[in-house]
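Chains as they are written, first to last, in our numbering: chain C, 44 to 431; chain G, 327 to 874. Even for Gly, the Cβ is constructed at its ideal location relative to N, Cα and C. Data first, discussion second: the structure below is written as structure tokens.
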């Protein structure tokens, strides 16, 4: 692919979240002239508002996710705060049974886990209490700092000659003979040889401008952060319905619980608001880590996240447009981003992923999707439920 | 809905899980200073309206120790631990509270407001508007129809060598401890800043028997009223213009003295011969910052308004914010000299806000029109003065003080976006990783600085460093302070223990589907077991599923 001068790039990526920035970095590493267009600031959406977990054993990208994370600081040249391994604590038999899936899925792919009894959990997790039923120690997965990782992708991409244009909104596309030849934005038109749409909740609407249907619904979810506590030997501890971690600074950063479906058009100033749900998250965190019950919650945040009807990612080159790649990670994007970005690079450059079978992530699986899928699944914003 | 298709149920959605809320009021007023009390009495006089007035004083000692809500600098006398004594002291200091109680107003002292949560289209699961409140033991929700925020102000921090020592505190924190708690542990203080607010507080403290040894001002002249300055001078206060505090000298109790240095008009230190001034307290009175955390966190339109002392809500002549249920009054609506010198302006703001709220409630109200409140025409440039303080005190400091004490972040760390110390990152950051490079198209955003350096992310919730960071970002990028975006505030705007929040009642259904992230079974089926395509007709699965 050729490099071009002026207002354009060989590859234009719409969306400066982890997925788009990782893809841009992978492409720039190959010397591909790459431009990322982001409506707000890098990672302003869900990419900068998640638990930082890196253990997606159900995904075809899992092996690559696990291979890459321990290498990322060195590959990027900037810190991600990646920490390996994970403990998941069950407070009752039901949770213990539910959480076993990670052990089974990991084992099938050659990754080791151990079952922990309550005493072992308490030895490994000093903040755990007498209410532990059992747990799992996974010798895979882990967590990283989303903010730092995002900035690391952006800077590493720049170091390889890629460009990131923030506060620039994609408005439409110029097409010729089934090809996208330019992206119209709030800062002018950028010519391109290939276009990647990785725009989170906006992905569906942007794709529809090209006649490609990406069925998506978006929702709001919330997290909380406490003041720093003494570091546990392993920060990757969650369970009791929560995801999250103790950060390297010592804060407990956890989320979980119910989501709220929203209409993307209703988002005010791009800002997701948190709600009293933060108290319900606090309750479950004080059950998970009772010895931290005195810790003070000093912040909360919310984010908007998109989901496909079956909750699985789309990483695909739809046949309707010759030079288009679509990527939505369907509410689980941060952890797999090193692998997802590499997969997107492969799709852009060669049309197929060189390291994983992505056949379960194509748009074609929705060919027979019922038009009333949102209603059938109860994925409706409150205003719609109330008949407003 | 026109469609008659059956609506499926999403067990993992928050719909239908709203918490039980048994307390309700028509008008909630946050802050029982002059503006809040005046608003409450006005509203109660209308009759037939339920009025709830909350005030966080007395603040728990532990919270004060975290420099919340003000920078108390460890100068709380031991009596602060005696809650009953402090309560009595609060009531004595604000006799109108008795009047409010007699007027049938539901007065709740020791009650902090940590968030306002209106029902909105993207956060609509709780009906109506609710406020998150907390006393020492528990957090709870109160439903309200209208709210007046009269949350006062706090002090701008500025870093210098030794400002972490006990005894360095906000000027209004000292005033609060003196006037409401009768518990300021100080004998001799040095006042930093010569504006009206600082001099007013200096005089009040002098009246309370605290010796004000000196006033330090970086500018050429003292900008506050001459009469207030001469009262201080008459009591023995020395005045140092074009000076800054170079450092504090400490002993076991904290500050024992300060060394002051002369500067030139560019903020450069002129001489190494430093004068030593004995004192046990340093009062930071550089700027009174309107306390907008609740207002901003709920999404009111906010802008930098120099005549009102910085970022405040955008309001109309009826004290109405951009949100139809929220009014502001008192110092949190803006601080300016004549308002500082007399409570009358704050009281009038409270009355105007209460009348507007009564009108919105459809309640009986006095229809006499109060003239809208306008701030004084300011002579100086508030924004420039703040930049000059930060430049002279912090940037030109010989040592490298932590601007953010909680997270130990220096001015250089902010300007260079250095990763936090705990990472011990030895990588050679490239030019890509610089304040200007991270977001070259936009104005550098303190939220980005926060995310990368952790400045402002500690337990004091950025109260001591927020304005300094904005000033550093302005200085580092060569932009005007007014152009630097405001870092967002997030609930809880007071630090709350997990255990305190955990007792907030929740619906029995809250636990249903909690485990499941989005509750989509197919999301977690391992890829080797999947059988696409997917039509949604099969999605009635009720089997439990857990997320990752």
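- For residue 840 of chain G, the closest Cβ of chain C is nearer than 8 Å.
- Within the stretch 761-798 of chain G, the runs of alpha helix (DSSP H) at least 4 residues long that lie entirely inside it are, in chain order, 761-764, 772-779.
- The alpha carbon of residue 65 of chain C has as its nearest neighbour, out of C/109, C/192, C/113, the alpha carbon of C/192.
- Contiguous beta strand (DSSP E) elements confined to the stretch 301-357 of chain C occur at 303-305, 339-350, taking only those with 3 or more residues.
- Interface annotation for the stretch 335-355 of chain G against chain C: 335, 336, 338, 339, 340, 341, 343, 345, criterion Cβ-Cβ distance under 7 Å.
- Our two residues, residue 600 of chain G and residue 586 of chain G, have alpha carbons roughly 6 Å apart in a direct line.
- Taking 3 residues as the shortest admissible run, the stretch 66-102 of chain C contains the following complete beta strand (DSSP E) segments, listed from N- to C-terminal end: 77-80.
- When Cβ-Cβ separations below 8 Å define contact, residue 110 of chain C makes no contact with chain G.
- Separation of the CB atoms of residue 408 of chain C and residue 858 of chain G is rounded to 4 Å, and the pair is thereby assigned contact status at 8 Å.
- The C-alpha of residue 443 of chain G is placed about 22 Å away from the C-alpha of residue 93 of chain C.
- In the three-state scheme derived from DSSP, where H, G and I count as helix and E and B as strand, residue 297 of chain C is classed as strand.
- Going by DSSP, residue 719 of chain G is part of no beta strand (DSSP E) at all; its letter is neither H nor E.
- Annotation for residue 423 of chain C: 304, 417 place their beta carbon closer than 7 Å to its own, counting only its chain and skipping 5 residues before and after.
- Within the stretch 825-836 of chain G, 825, 827, 828, 830, 832, 836 place their CB atoms closer than 7 Å to a CB of chain C, listed in sequence order.
- The Cβ atoms of residue 432 of chain G and residue 378 of chain G lie closer than 8 Å to each other.
- Each residue's CA atom was taken as its position, placing residue 411 of chain G and residue 385 of chain G some 13 Å apart.
- Against chain C, a Cβ distance below 9 Å from residue 734 of chain G picks out nothing, because the smallest value is about 10 Å.
- Counting along the chain, residue 360 of chain G sits inside the alpha helix (DSSP H) bounded by residues 360-372.
- Within chain G, the C-beta atoms nearer than 8 Å to that of residue 270 of chain C come from 784, 785, 821, in chain order.
- Taking a cut-off of 8 Å on C-beta distances, the stretch 398-409 of chain G does not touch the stretch 705-720 of chain G, as fewer than three cross pairs fall below it.
- Looking at the backbone, the Cα of residue 239 of chain C and that of residue 54 of chain C are separated by about 7 Å.
- If you look at residue 740 of chain G, you'll find it in the alpha helix (DSSP H) that goes 737-742.
- Interface annotation, residue 648 of chain G: not in contact with chain C, CB-CB separation never under 8 Å.
- For residue 183 of chain C, none of the residues of chain G pass the 7 Å Cβ criterion, the least Cβ distance being about 12 Å.
- Looking from the CA of residue 578 of chain G, the closest CA among G/606, G/554, G/552, G/559 belongs to G/606.
- Identification of residues in the stretch 327-347 of chain C having a C-beta nearer than 7 Å to some C-beta of chain G yields 328, 329, 335, 336, 337, 338, 339, 340, 341, 342, 343, 344, given in sequence order.
- At a C-beta separation below 7 Å, residue 662 of chain G has no neighbours in chain C, since its nearest C-beta there lies roughly 28 Å away.
- Here the stretch 691-711 of chain G makes no contact with the stretch 390-401 of chain G; the two share fewer than three CB pairs at distances below 8 Å.
- Those residues of the stretch 364-377 of chain C placed with their C-beta closer than 9 Å to a C-beta in chain G are 373, 374, 375, ordered along the chain.
- Taking 8 Å as the Cβ-Cβ cut-off, the stretch 668-691 of chain G has no residue approaching chain C.
- With 16 or more other CB atoms across the displayed protein chains lying within 10 angstroms of its CB, residue 720 of chain G is buried.
- By DSSP's assignment, residue 455 of chain G forms a beta bridge with G/470.
- In this structure, residue 185 of chain C lies near residue 97 of chain C, with their beta-carbon atoms less than 8 Å apart.
- For residue 497 of chain G, the enclosing alpha helix (DSSP H) starts and ends at 497-505.
- For residue 410 of chain C, the nearest CB of chain G lies under 8 Å from its own CB, placing it at the interface with that chain.
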